[in-house]
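Number of protein chains: 6
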Amino acid sequence: MKNTFISQIRAGDTLSDQFVLSEKTMAHKKDGNHYLNLVLTDRTGSIKGVVWDNVGSISSQTDSGRVVAVQGHVGEYRGTLQVVVKEMKMVPEADIDPADFMPVTERNIDRMFQRLVALSESIETSCLKDLFSAFWGDHAFVSRFKRAPAAKKMHHAYIGGLLEHTLSMAILADKIVGHYSGVDRDLLLSGVLLHDVGKIREFSYDVRIDYSDEGRLVNHIAIGVQMIEEKIQSIPSFPEDLALMLKHMVISHHGSRELGSPEPPKTIEAVMLNCIDEMDSRIQGVREFMAKEDPGEMWTSFHRLLGRHFYRGQSVT
Amino acid sequence: MKNTFISQIRAGDTLSDQFVLSEKTMAHKKDGNHYLNLVLTDRTGSIKGVVWDNVGSISSQTDSGRVVAVQGHVGEYRGTLQVVVKEMKMVPEADIDPADFMPVTERNIDRMFQRLVALSESIETSCLKDLFSAFWGDHAFVSRFKRAPAAKKMHHAYIGGLLEHTLSMAILADKIVGHYSGVDRDLLLSGVLLHDVGKIREFSYDVRIDYSDEGRLVNHIAIGVQMIEEKIQSIPSFPEDLALMLKHMVISHHGSRELGSPEPPKTIEAVMLNCIDEMDSRIQGVREFMAKEDPGEMWTSFHRLLGRHFYRGQSVT
Amino acid sequence: MKNTFISQIRAGDTLSDQFVLSEKTMAHKKDGNHYLNLVLTDRTGSIKGVVWDNVGSISSQTDSGRVVAVQGHVGEYRGTLQVVVKEMKMVPEADIDPADFMPVTERNIDRMFQRLVALSESIETSCLKDLFSAFWGDHAFVSRFKRAPAAKKMHHAYIGGLLEHTLSMAILADKIVGHYSGVDRDLLLSGVLLHDVGKIREFSYDVRIDYSDEGRLVNHIAIGVQMIEEKIQSIPSFPEDLALMLKHMVISHHGSRELGSPEPPKTIEAVMLNCIDEMDSRIQGVREFMAKEDPGEMWTSFHRLLGRHFYRGQSVT
Amino acid sequence: MKNTFISQIRAGDTLSDQFVLSEKTMAHKKDGNHYLNLVLTDRTGSIKGVVWDNVGSISSQTDSGRVVAVQGHVGEYRGTLQVVVKEMKMVPEADIDPADFMPVTERNIDRMFQRLVALSESIETSCLKDLFSAFWGDHAFVSRFKRAPAAKKMHHAYIGGLLEHTLSMAILADKIVGHYSGVDRDLLLSGVLLHDVGKIREFSYDVRIDYSDEGRLVNHIAIGVQMIEEKIQSIPSFPEDLALMLKHMVISHHGSRELGSPEPPKTIEAVMLNCIDEMDSRIQGVREFMAKEDPGEMWTSFHRLLGRHFYRGQSVT
Amino acid sequence: MKNTFISQIRAGDTLSDQFVLSEKTMAHKKDGNHYLNLVLTDRTGSIKGVVWDNVGSISSQTDSGRVVAVQGHVGEYRGTLQVVVKEMKMVPEADIDPADFMPVTERNIDRMFQRLVALSESIETSCLKDLFSAFWGDHAFVSRFKRAPAAKKMHHAYIGGLLEHTLSMAILADKIVGHYSGVDRDLLLSGVLLHDVGKIREFSYDVRIDYSDEGRLVNHIAIGVQMIEEKIQSIPSFPEDLALMLKHMVISHHGSRELGSPEPPKTIEAVMLNCIDEMDSRIQGVREFMAKEDPGEMWTSFHRLLGRHFYRGQSVT
Amino acid sequence: MKNTFISQIRAGDTLSDQFVLSEKTMAHKKDGNHYLNLVLTDRTGSIKGVVWDNVGSISSQTDSGRVVAVQGHVGEYRGTLQVVVKEMKMVPEADIDPADFMPVTERNIDRMFQRLVALSESIETSCLKDLFSAFWGDHAFVSRFKRAPAAKKMHHAYIGGLLEHTLSMAILADKIVGHYSGVDRDLLLSGVLLHDVGKIREFSYDVRIDYSDEGRLVNHIAIGVQMIEEKIQSIPSFPEDLALMLKHMVISHHGSRELGSPEPPKTIEAVMLNCIDEMDSRIQGVREFMAKEDPGEMWTSFHRLLGRHFYRGQSVT
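Chains as they are written, first to last, in the numbering used here: chain P, 380 to 696; chain U, 380 to 696; chain D, 380 to 696; chain S, 380 to 696; chain C, 380 to 696; chain G, 380 to 696.
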């Protein structure tokens, strides 16, 4: 069990706690002896570490990317905090609470998933019904889909974030779809539900949220297309044209090449999916950013990526 | 009354009809005599014209930018159609139906306006209620607001288009606003209603839709800010902070400098307004483009500005 | 059999010849009668056509996208040539020579393919050998791979162009791979051979070269990844890491998002594939452009896409 | 009165001095007790501070954005200087010299202003004369106009900078206007004088130079247009066309959308205003940068925003 | 001597006049016989031509890029005018007035040159005085410098345009240089005089203004650097540092890589040269564009490159 | 002789070693006394230094940009290492090994140069043979050419790097030139050999690699053109057209204006040179980056300029 989080650590503290061993690299001193450089993380941040003694045995007993129990003392080195680690060993799976190491959605995952399934059941086209039966019946898929984050940073970057983002978009789509005639509700809703499924493999999120090898090399868009193709193969006589339009919604949902979509949206449903995705990502991203800081200040700090401060205003209306 | 529209004219036709005299320039032949080059338009397009005889009297009796009755014969010159005009004179106001010369919304303008006013009445903040009373009580404003287009091309580029676009966005805003906690409904709705009011002066739309001098020189964003400032001045003790947030929504609704907004959205309501505006403009733009062409074709022609064909698909679900 | 090509047609000609009926749309005259607007193409260009008589029977007997035998007379209308079509009917498959309608590589397709297979046989990694056995053993694949173009315009835009481009790159890769230590020859060569396989479905090329529905909606990169995934599934215990690196080479071979690759090259072999692809595309594109025009002129005409004239120089050395 | 400036402070110093309390945020220690994080600034830079004792009373007696008298000791924490503050209280207005906290023009403000007024009096068009009478007769305006900076960084970023920049441009305009025939001197000069007036509200500059709420939300261009509109309203029968051209010069003076102007310059005077503004901003920006560093070095340090070193050269001619 | 200019030619005219034979390419008819395609130009535009008879002898007696006397008849072909040429032969040098074929400055070339030389004589640094003595003493240089255009399109695109542009900038520099302390007048003026000298070789302008081979391959910036280096070599002990700063002004005068300068301005004089060049090019470009059209219209036509209409306004002040 | 390299220095070390004195600036303490701020570098990095005592004599005896022998003690100041220097004096030329201060190619410089000369001797065009005789016969040129780096960072940023890069490209060109018909081997090879010769003056590389004044002000492209022009002047009747094409290859080898080439490649040989240069720079840049880090890690650290991690993979084939 975790006692102290990294954001609370101060120079001079004595530590005895769990962390993810994010990086571990061997180096050698001028006298030829070896030492270990570490990066330790939990859900509040990261801190550097160093091992001077028992280097061989400590290194051979710990794997990077796993949770370790660390004992040590906190000092400063070249302007940043550094833990001088005395002991470090692997923590048994059973003693780990992933929520210590990764942020988790504040909403109920099972209830969100039930609501999403219910929305998918309002789809009337039979082959699309079959498609969602195939997805929801795939336990390995569902298990990962319920836990995956929607991003590493920016918005919904927490366990359950993908589900939360997908559900939010599905509810929006449901509200909006009737507003414009000529939009196929079943196609739009299916596209919303599936547009980001590739993210369950794009990220790893066992004890910390990061890109997986497949995520960095192949990207969630191409992963998603393959996942949909695989499920469609299992459904007899799934219409070719419908399969293309579904994959197209995955391919084009970022809106343009510059934003990572090899093709721009070319159907009215793909245009709408792109709009709903942008709306949910942007608004949620700004809300998360504004919520992180003192709500009493009129202006937030500077948002580096978006290039601006945000304004909370005086309580207005 | 109009008989034939420009899109139907063929070489060899004899014409006797009303057109907008969009351009009229004097030129001279090698023998020193003068002639007139014309551009005639109606709601379906434009055609070139030339006057060889009675140049002086015809020119002195007609003003460009007005509706004229033309008699002439249609030929070809250098690969385009050209009307050799025999007679041309001004048409009295009473004989003009503006709908012959500019496209008009297919929806009922008065009913749209009533619905918009009703939505504005759901606002609870008293100074904002006062603000809309000021706008709706200004008959010159209302008269122009009900007729203005939302654009010269692209989307809602017709009489009543601004009202249709604003109403569509207001309904969307009303549906969506409850989806995200922490968004001020009164502020969002007010921003939606006012974000494009500057367009009533940015365009001229008496007999053809074009930019006005003020539109080209000052732009609907700066015009809108002045219009709001003027109305706010008429309301006793309108809160300074609320005035800034309203103007900010007008200033930032295009989303970025590249798209014409001097400042990007910095409040959650401004971010949301920008999303709703983009959604309505894009979807309506694509729908209008797809509707213009043969619905039996799977693909539309190439959309030059958006750089793609759009796909209608086989009837899917 | 074809007699005259479109580039040779002049106003006043009488036509009796085969063309691809690229477009056929019904329109109606002011008197309410119908007529057909056509676009006819062959490998040298396109020409407009119109059918005034027997509209119903001619339209019902012909399908757009197919080869038709046309009888008619050539005139001018609004500055372009136009065929007034008297008769038009479908041409039996047996009487069609695709080379009349699409440009074809000047090199021997079978010999190119043998050389490509031979290069693939120099690969030593056994699972990659298995992969190419799977591809070359798929007759439907090979048949399309030997005919597909590499592009619609720009470079290798002809039947056999994909094979010619792939072979040229494979020979280059073979020459260069030893120049830099640390590059895996088997991986590089496999990536070269497979990087564009998705193009066999991205284009249609029965009687004219154009994008297919799948090409426009899904794009050759995502198609290629699916094709490779499908073949890999058929090979027992294909290493996961190798599969990712192969797909990554397909995903990243355009080099950047702006150029259509969702991920940039992240392995040394992917960087090299991108360089070889750019080199072959650019040099061949420039060579084709320079070859199209009078070799006696020092400067070519202006290349619109590349934004420059090219210089042939005086015969120098 | 100030003794020591922040740029001179060293670890180990004991401080008793005035600073602007730029930021003040409450935080709590692991033991639950509160402390204050501060940022203190003066005209030479900023330094962090922390209050461990008497947190409640110190916090309640000081407001951020105001000048405070600080007693404390300077140490280092995580690689930067930090003042451990023992006492901190507000400084009475009378004891504050703003020049301690913000940089101030080296030139005489009153003399610059007289020269500017004299230039405005050389304008001959009567309604423009009236306009400047209205501005110069507005004491609140004049008082702020004489103190406002022209920027937060980059160039003329000091008290009096707006006046200095405007005067410099007016003198340049006066020199150049006769060089090109067809330029209206009165219009150009009026545009130069008014182009940046919105900056008197875009910035706050009581004890430190920063953006105001209105500056961040509405931007000096839209503020300036409103200020000019307000003054024009007070002048009977100010010509509509002239008002548009004046506002257009304000709207377009940054030259393009990317640089913040909703419309590009569309009159010859607006084009010229844009050129003169760029020339004065760039040259003055480079001169200020070159002057900040050791004039004996041939090369300046790297200018991050402009992406280059500047060269002073050996004394040449 | 020329009678008629191309802008005045109409279908049906009989021609007997001088033109520049800009292009001449041999083609063959279906019957195997040859014909010539021509492009004829004069200072008002260009027109297509065709030679059906005496093709061999006409072709062998005429060179493209030279002035020819043409006899023929004007018709239309595919929507553009076309001269059917009966006779065409070279015009002796003596019978050619270059001003018929290229636009020429409206100002007195010799008087402009004298004024420029006088300005150069106000330079006090002796080695720079020597440099200008070397340039002005080079008769081949002076002869070309007095005739060269400053551009092919956009601004000063006429014989004498380079001289006019350089003189205008030199006068501006002279007016402005004292406005900013710390600017070396001799260096600034020398940079202004020499910044575009490479254009005397970048363009050809014997009978029509076009890029030369050297212009297209090497570019006026690199040509100018070579010309200056060559003259500097002829001056004993020209200071190395001064030579670098002069060349730097040539290299950097376009301001950025995107605009064609390999290095951005890095001295205060280079920054100033860039500003003066932009000011003169932009203002003169806009003035020429506005002067080309009917001064009675409030708005010009659309300026394609600058992306806007320009406003002349009602006569204001 | 050097003992310790900067990358190995730790707080607490006592130093007695050689460094390049990269920067030396005088400052003064609050008490009015002077001290020196230093930057010391060697081939592994840089470290800050300060001199408190004997400031005058130490400063007068040492020049920045030269190698000095330093005695001092290493501490930390504001989060970085700092040497408190007790003694510092110039090192005689004879005691300096440049390889201590700058990275050096791992390959044999003389053998590389011989191979390059041999390749140049395979050129058959006599005037090009003469040109290379002129270059190789210029001892000052050869001496600098063999030592110059190809860059300050990124790729081949070490002594001998220019030669290594040029040779690598020449070998590639030799392999590839026969692959495309119509490419002039002599021209391509000459362009490859000369494309970067300007770098011998763009950089200074006596004791550390940095840009020279000429490099920053004039740039290697314009320097290279001047060097080639100078050598060509020495060869009787060198063909003008060939000279232009050679210079064009230097001018255009970066491929586009954005990348620093004033003109894009306009000959087939220039296109090919640009491709070969990009290939060698990119692949070598990635290889150097991947080699710098632990080869046991699957992913490299983040490459800031290229915006990605690189993947080494599991040993694959």
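All C-beta atoms in this analysis are idealised placements derived from N, C-alpha and C, irrespective of residue type, glycine included.
Selection from the options that minimises the alpha carbon distance to residue i
| i | options | result |
| --- | --- | --- |
| U:Q450 | U:A530, U:V429 and U:G435 | U:V429 |
| U:V446 | U:V434, U:E455, U:H535 and U:D421 | U:D421 |
| S:L541 | S:D517, S:E581, S:D592 and S:H452 | S:E581 |
| U:I662 | P:L652, P:M380 and P:D673 | P:L652 |
| C:V571 | C:L551, C:Y559 and C:P615 | C:L551 |
| S:S583 | S:G639, S:F524, S:M624 and S:E608 | S:F524 |
| U:A549 | U:E455, U:S425, U:P528 and U:S499 | U:S499 |
| P:T404 | P:M380, P:D659, P:G444 and P:V496 | P:G444 |
| C:I579 | C:L568, C:S569, C:L567 and C:E593 | C:E593 |
| G:A390 | G:Y414, G:E609, G:L685 and G:Q461 | G:Q461 |
Own chain residues within Cβ distance below 7 Å of residue i, not counting five before or after
| i | result |
| --- | --- |
| D:V650 | P644 |
| G:S425 | I385, S401, V418 and L419 |
| D:I515 | For clarity, residue 515 of chain D is Trp in the given sequence; the question names Ile instead. Closer than 7 Å at Cβ, skipping near neighbours: V496 and V521. |
| P:S660 | H534 |
Where residue i falls, given that 16 or more other Cβ within 10 Å makes a residue buried
| i | result |
| --- | --- |
| U:N382 | exposed |
| C:G435 | exposed |
| G:F689 | buried |
| C:H532 | Reading off the sequence shown, one finds Lys at residue 532 of chain C, where the question assumed His. Exposed, by the Cβ-count rule. |
| C:H407 | exposed |
| G:F681 | exposed |
| U:K468 | exposed |
| U:Q397 | buried |
Residues of its chain near residue i, where Cβ-Cβ distance is below 8 Å and the 5 sequence neighbours each way are ignored
| i | result |
| --- | --- |
| G:P477 | V483, I538, D585 and V586 |
| P:Q387 | T423 |
Residues of its chain near residue i, where Cβ-Cβ distance is below 6 Å and the 5 sequence neighbours each way are ignored
| i | result |
| --- | --- |
| U:V576 | G603 and M606 |
| G:T504 | D565 |
For residue i: DSSP bridge partner residues
| i | result |
| --- | --- |
| S:F681 | S:H688 |
Kindly provide the ranges of any alpha helix (DSSP H) runs that are 4 or more residues long and lie completely inside the region 386–459 of chain D, ordered along the chain. 434–439
Which runs of the alpha helix (DSSP H) at least 4 residues long sit entirely within the region 522–575 of chain P? Give them in chain order. The qualifying runs are 540–555 and 564–573.
Can you check the region 576–606 of chain U for any alpha helix (DSSP H) of at least 4 residues that lies completely inside it and give the ranges in chain order? 578–581
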